[in-house]
Amino acid sequence: EMCIRDRAEEALVELRQRGAEHAAVMVIDRASREVLVQLGSAGYHGTGTGAIDFTRRPRSPGSTLKPFIYALGLERGRIAADSVLADLPGRSWGIGNYDHRFLGPLLPRQALANSRNVPAADLLRQIGIEETYGVFGRLGLHHGERAAGYYGAALAIGAMPTTLEKLVTAYGALANDGLLSPLVWTRDEVSGHGQRVWSTETARQVTLFLADAQARLPSFSRMGPLEYPFPVAVKTGTSQAYRDAWTVAWSRRFLVGVW
Numbered sequence: 001e002m003c004i005r006d007r008a009e010e011a012l013v014e015l016r017q018r019g020a021e022h023a024a025v026m027v028i029d030r031a032s033r034e035v036l037v038q039l040g041s042a043g044y045h046g047t048g049t050g051a052i053d054f055t056r057r058p059r060s061p062g063s064t065l066k067p068f069i070y071a072l073g074l075e076r077g078r079i080a081a082d083s084v085l086a087d088l089p090g091r092s093w094g095i096g097n098y099d100h101r102f103l104g105p106l107l108p109r110q111a112l113a114n115s116r117n118v119p120a121a122d123l124l125r126q127i128g129i130e131e132t133y134g135v136f137g138r139l140g141l142h143h144g145e146r147a148a149g150y151y152g153a154a155l156a157i158g159a160m161p162t163t164l165e166k167l168v169t170a171y172g173a174l175a176n177d178g179l180l181s182p183l184v185w186t187r188d189e190v191s192g193h194g195q196r197v198w199s200t201e202t203a204r205q206v207t208l209f210l211a212d213a214q215a216r217l218p219s220f221s222r223m224g225p226l227e228y229p230f231p232v233a234v235k236t237g238t239s240q241a242y243r244d245a246w247t248v249a250w251s252r253r254f255l256v257g258v259w
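Heads up: the sequence shown at position 158 corresponds to 158 in the numbering used here, and the numbers run straight through without jumps.
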């Protein structure tokens, strides 16, 4: 944990120039679901918010909700790996892309890896807001505090607040072949077999989408901070006005979430 704290502090040296005060990190052992690291803030002292555990503080998750929409689209047969999605004007309930551009026809792999808002919102429209919101609830991302209509199409771009702990738990279902299991916090806990929320095929397909560095072009450059010398599936997200920045990634051994 000290190593993770040091890395977070190093990152905050630059990020504080952009107004960031804290970072939160969780590291999970994929096989056992054990929580290896939980870093709630950059430090208890020094700011007025250091005592807040930001792993459990609801924040806007941005585009980190998109993989669940694509997984649901695959499960419901709305899309397949070779479907062609349209990143074009007029298909997204008025939701635009962060760069105000359109990339045209894209495979789901490219649309998700590039984190395009328009195809995600279009897919949400096809699946239905109520059904999508219900699956988000099954994943534990919310507990029904508000009706689905309160968020509407903005579910596609992360308007529904959730916590890093809930998000990491939900991503565990993608990382572990579709099985949703609670995190293991103490040595006397038993993880169990989990609840199936995705088929194995769907979970592995979304993982492949997010592990393909080539599919991230042109939005993310090659050999950048999202690419590693071993297979890693990774998804980023930012909230409005960049108040929140997220990354969730998993390798064969670990699942890591950062706010």
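For each residue, glycine too, the CB sits at the ideal point set by N, CA and C.
DSSP, reduced to helix, strand and coil, places Glu130 within a helical segment of the structure shown. The three-state reading of DSSP puts Phe209 in helix, counting H, G and I together. Sixteen is the threshold: since fewer than 16 other Cβ atoms of the shown chains lie within 10 Å of the Cβ of Tyr150, the residue is exposed. Along the length of the region 98–130, whole beta strand (DSSP E) runs at least 3 residues long occupy 104–106, reported in chain order.
Pairwise C-beta distances place the region 182–191 out of contact with the region 203–211, as fewer than three of them are shorter than 8 Å. Here Phe230 is exposed. Its C-beta has fewer than 16 other C-beta atoms within 10 Å. The alpha carbon of Pro61 has as its nearest neighbour, out of Val258, Ala148, Thr238, Gly257, the alpha carbon of Thr238. If you compare the alpha carbons of Ser199, Arg253, Trp185, Leu174 with that of Lys235, the shortest gap goes to Leu174.
Rounded to whole angstroms, the separation of the alpha carbons of Arg204 and Val25 is 24 Å. Around the beta carbon of Thr207, 16 or more other beta carbons lie within 10 angstroms, which makes this residue buried. DSSP places Ala148 outside any beta strand (DSSP E); the residue lies instead in the alpha helix (DSSP H), whose first and last residues are 148–151. Residues Leu226 of the same chain have their beta carbon placed closer than 7 Å to that of Phe220, with the five preceding and five following residues left out of the count.
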